[in-house]
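Let me begin by presenting the structure, written as structure tokens, before commenting on it.
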């Protein structure tokens with residue numbers, strides 16, 4: 012994947028990180044004794060559908076907002092502005108949160124405890140290899156505006172936790 016100079020410098024598309032780990036975990040189910048949650052298939056599908064749907068809605072809302080604002084979605088492309096509305100009022104990373112929810116829903120729905128157990132490793136990789144790069148890039152590009160957004164978001168979360 013070509014990485015533009017004015018970008019976060021993320022070289023590997025984040026959806027492929029989630030997908031690769033999910034497929035690896037589901038494939039491992041065939042070779043390991045622990046290959047099932049031990050729950051009826053219809054209940055697994057029902058339990059997996061909720062995080063899957065929530066994640067899809069969150070990702071679509073965030074991507075739609077980026078399109079309406081005219082900024083790029085891939086972190087390998089330049090960011091033209093800071094999104095602060097829609098799902099970005101609650102989290103700086105709704106697309107990655109959405110992908111994590113979709114991953115969890117699929118792991119449960121496909122009865123994949125190993126895939127589910129890999130999710131924390133995926134989240135560490137996303138945090139260190141994607142989000143950290145994006146945050147450094149946004150701070151360098153937008154300076155005080157981005158720092159203010161981070162501070163405002165943090166204070167909003169703190170105030171809402173005391174309600």
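Numbering (my numbering), first residue to last: 12 to 174. The beta-carbon is built from N, C-alpha and C at its ideal position, and this holds for glycine as well.
With a threshold of 6 Å on Cβ separation, who are the neighbours of residue 8 within its own chain once the five nearest residues in sequence on each side are excluded?
Outside the displayed span of the chain (12 to 174) sits residue 8, for which this structure offers no information.
Residue 72 and residue 97 closer than 8 Å at C-beta
In terms of Cβ geometry, residue 72 and residue 97 form a close pair [threshold 8 Å].
Minimum length 4: unbroken alpha helix (DSSP H) runs contained in the region 49 to 104
Runs of alpha helix (DSSP H) with 4 or more residues, each lying fully within the region 49 to 104, are found at 52 to 80, listed in chain order.
Nearest to residue 51 by alpha carbon, out of 120, 160 and 141?
Among 120, 160 and 141, the Cα nearest to that of residue 51 belongs to 120.
Do residue 141 and residue 86 come within 8 Å of each other at the CB atom, strictly closer than that value?
Going by C-beta atoms, residue 86 is nearer than 8 Å to residue 141.
What's the gap between the Cα of residue 147 and the Cα of residue 53?
If you take the alpha carbons of residue 147 and residue 53, they lie about 44 Å apart.
Beta-carbon contacts of residue 109 that lie in its chain and below 6 Å, excluding the five residues immediately before and after:
Correct list, in chain order: 66, 69 and 70.
Could you check the C-alpha separation between residue 189 and residue 44 for me, to the nearest Å?
Outside the displayed range of the chain (12 to 174) lies residue 189, so it cannot be described from this structure.
State the Cα-Cα distance for the pair residue 29 and residue 117, rounded to the nearest angstrom.
About 11 Å.
Counting along the chain, where does the alpha helix (DSSP H) carrying residue 133 start and finish?
Counting along the chain, residue 133 sits inside the alpha helix (DSSP H) bounded by residues 124 to 137.
For residue 17, which of helix, strand or coil comes out of DSSP?
Taken through DSSP and simplified to helix, strand or coil, residue 17 comes out as coil.
Between residue 77 and residue 60, how many whole angstroms is the CB-CB distance? I'm expecting something under 8 Å.
Taking the Cβ atoms as the reference, residue 77 lies roughly 26 Å from residue 60, outside the contact range of under 8 Å.
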